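Residue 500, in the working numbering, is where the sequence shown stops; the numbers in between run on with no holes. Structure, as structure tokens:
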Amino acid sequence: MLRFAPSPTGFLHMGNIRVALVNYLYAKKNNLNFFLRIDDTDQERSKTEFIESIIEDLKWLGIHYKKVIKQSERISKYKEIFDFLKSKNFIYPCFESADELSLKRKILLKQGKPPIYDRTSLRLKKSEIHSLIQSGKRPHWRLKLDDETIEWSDMIHGKIIFSNLSVSDPVVFRSDEMPLFTITSVVDDADTEVSHIFRGDDHITNTAAQIKLFKLIDAKIPEFGHFPLIKSISGQGLSKRSDDFSVRQFRKQKVSQLVLINYLQKIGTNQSFEKIDDMKTLYKNFNINNFSKNSVFFDPNDIERINSKYLKNLDIETVKETFNLDFENKFWLIIRSNINSIEEAKEWFDLVKNDFLIENKIILKKPLKSTILKFIPEKVDKDFWSVWTNKILENFEIKPKVLYITLRQILTGKKYGPSMNDLLTLIRKDEIIKRVESNCEEED
């Protein structure tokens, strides 16, 4: 059993989707179940719109799950675990405020020491704890880590040895007794019999604490695999607070979902991005041993380049089915080599099918405009452009390249694009005449 467990505090970014994809592909490869868990115990920041977006993004990407579990519906279960851990003295109450803890961290850092919690509250007597509670103080609760090392065989990093002396006792319950990620994840993974967990290597510290928790509640410990985080090309980590790397941003740009999942599955491996596989092929060929232990960098320009190449090889039926667009085959064959995204294809479709006016008219020498209009051929066919431009060049002194670019701008508003021989066969003759009349004027 595997799961994807996002917190609905923002839109999914590429790093989140990579986690979902790796867990999903491993499950499919090994005939294991996969489910979605919404980690929504952060009541202040969790929002319904983010839950809906998570579900929409996964559906769009073709990542299917057996069931959905919401942590907000399991609070009573966490309360049971809280009572159990408290009764066994596995957790202890702490009374420092956020400001007090911040000050302690600053002092330690200034002294050149690691900012590890000093366990002041652990040394409180029962009478002192009682007095603090009676005075209105509400404690948060920390898991007491033994002075030991935690070892596990990581499916990506190999053997990991982690010393508890290097970290603070983690807070597992807030002052209102609401559980935090470290404990909720363990409880849910135990109850749903999750067997494998793949996530970013920023969770290695959490894993050490969670292995201890699995032991404390007498649950089977899953296999863990931690892969390096995806970073932007500037070296910064990706954030759900930014839309630049969100799934919905790439959806808006009409990037193919197959391009995205191929990129995210292959980044950090020795696999080529050039071949775009379907989901079935991806999970058949999936091998967790292909993942590098080194950081990987996400460059949106790579997505654009791969998406462009992918589109160039698509047939019209796939375009219609994948993007729900009613393009004609002739149109698609003409423009597909000149686009980086489906959005650009839609722009070209609008340009050839509808009226087109440019904001700033092209200024022409006299009598170029009248010459252009005079020699428009009768029939719009594959020879229309060459016949037209040859006639203009015979009757007006202008460099061929200047004429070609000028006419292209008048007719399309662009300096570059598909072959004009082909493109003009998509535009009605009356529209060609209208564009020449409306989009340029002769200088006085």
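Just so it is clear, CB atoms sit at the ideal spot from N, CA and C, and this is done for glycine as well. Values in this document were obtained by computation on a predicted structure and should not be read as measured data.
Residue i - DSSP class collapsed to helix/strand/coil
i, result
"residue 325", "coil"
"residue 130", "coil"
"residue 148", "strand"
"residue 259", "helix"
"residue 497", "strand"
"residue 67", "coil"
"residue 405", "helix"
"residue 92", "strand"
"residue 347", "coil"
"residue 420", "strand"
"residue 58", "strand"
"residue 218", "strand"
"residue 452", "coil"
"residue 254", "strand"
"residue 51", "What the structure shows of the chain is the stretch from 57 to 500, and residue 51 is not part of that stretch, so it cannot be assessed."
"residue 172", "coil"
"residue 315", "helix"
Run of the alpha helix (DSSP H) containing residue i, from where it starts to where it stops
i, result
"residue 366", "356-368"
"residue 71", "70-85"
"residue 429", "424-430"
"residue 375", "372-379"
"residue 161", "154-166"
"residue 387", "385-391"
"residue 186", "182-190"
"residue 105", "104-117"
"residue 336", "335-340"
"residue 279", "No alpha helix (DSSP H) holds residue 279; the beta strand (DSSP E) holding it covers 279-283."
"residue 239", "237-247"
"residue 477", "476-479"
Spatial distance of residue i from residue j (CA atoms)
i, j, result
"residue 372", "residue 481", "18 angstroms"
"residue 175", "residue 280", "29 angstroms"
"residue 248", "residue 59", "9 angstroms"
"residue 123", "residue 111", "12 angstroms"
"residue 285", "residue 90", "22 angstroms"
"residue 489", "residue 121", "55 angstroms"
"residue 119", "residue 354", "21 angstroms"
"residue 468", "residue 307", "26 angstroms"
"residue 116", "residue 222", "42 angstroms"
"residue 163", "residue 235", "29 angstroms"
"residue 215", "residue 282", "12 angstroms"
"residue 253", "residue 79", "7 angstroms"
"residue 397", "residue 404", "11 angstroms"
"residue 188", "residue 71", "43 angstroms"
"residue 204", "residue 224", "13 angstroms"
"residue 103", "residue 65", "6 angstroms"
"residue 442", "residue 477", "7 angstroms"
"residue 213", "residue 338", "22 angstroms"
"residue 96", "residue 135", "16 angstroms"
"residue 320", "residue 128", "30 angstroms"
"residue 402", "residue 430", "32 angstroms"
"residue 200", "residue 377", "56 angstroms"
"residue 1", "residue 386", "Since the first and last residues shown for the chain are 57 and 500, residue 1 lies out of range."
"residue 87", "residue 485", "59 angstroms"
"residue 325", "residue 158", "40 angstroms"
"residue 233", "residue 255", "27 angstroms"
"residue 81", "residue 440", "52 angstroms"
"residue 365", "residue 108", "32 angstroms"
Range of the contiguous beta strand (DSSP E) that encloses residue i
i, result
"residue 288", "286-288"
"residue 209", "205-210"
"residue 196", "196-199"
"residue 307", "No beta strand (DSSP E) contains residue 307, which is instead part of the alpha helix (DSSP H) from 303-308."
"residue 464", "Per DSSP, residue 464 belongs to no beta strand (DSSP E); it is in the alpha helix (DSSP H), 456-468."
"residue 229", "227-229"
Any non-hydrogen atom of the ligand NAP closer than 7 angstroms to residue i Cβ
i, result
"residue 375", "Ligands in the displayed structure: none, and consequently the ligand NAP is not present."
Beta-carbon separation (whole angstroms), residue i vs residue j, contact threshold 8 angstroms
i, j, result
"residue 245", "residue 278", "6 angstroms"
"residue 425", "residue 393", "Actually they do not touch by this definition, with Cβ atoms about 31 angstroms apart."
"residue 433", "residue 444", "6 angstroms"
"residue 303", "residue 67", "7 angstroms"
"residue 463", "residue 408", "The pair is not a contact, with the Cβ atoms about 15 angstroms apart (cut-off 8 angstroms)."
"residue 418", "residue 461", "Residue 418 to residue 461, Cβ: 10 angstroms. No contact."
"residue 264", "residue 172", "No, residue 264 and residue 172 are not in contact; Cβ-Cβ is about 14 angstroms, not under 8 angstroms."
"residue 270", "residue 138", "Contact doesn't hold; Cβ gap of about 16 angstroms is too wide."
"residue 498", "residue 421", "7 angstroms"
"residue 329", "residue 322", "6 angstroms"
- prompt: How do the region 356-368 and the region 315-326 stand: do at least 3 beta-carbon pairs fall below 8 angstroms, yes or no?
  reply: yes
query: Can we say the region 255-265 touches the region 148-162, given the rule of at least three CB pairs closer than 8 angstroms?
result: no
message: So, does the region 131-151 touch the region 188-202, judging by three or more C-beta pairs under 8 angstroms?
response: yes
query: Using 8 angstroms as the Cβ pair cut-off and three pairs as the minimum, do the region 264-278 and the region 337-345 touch?
result: no
message: Across the region 449-456 and the region 379-386, are there enough close Cβ pairs to call them in contact, namely three or more that are closer than 8 angstroms?
response: no
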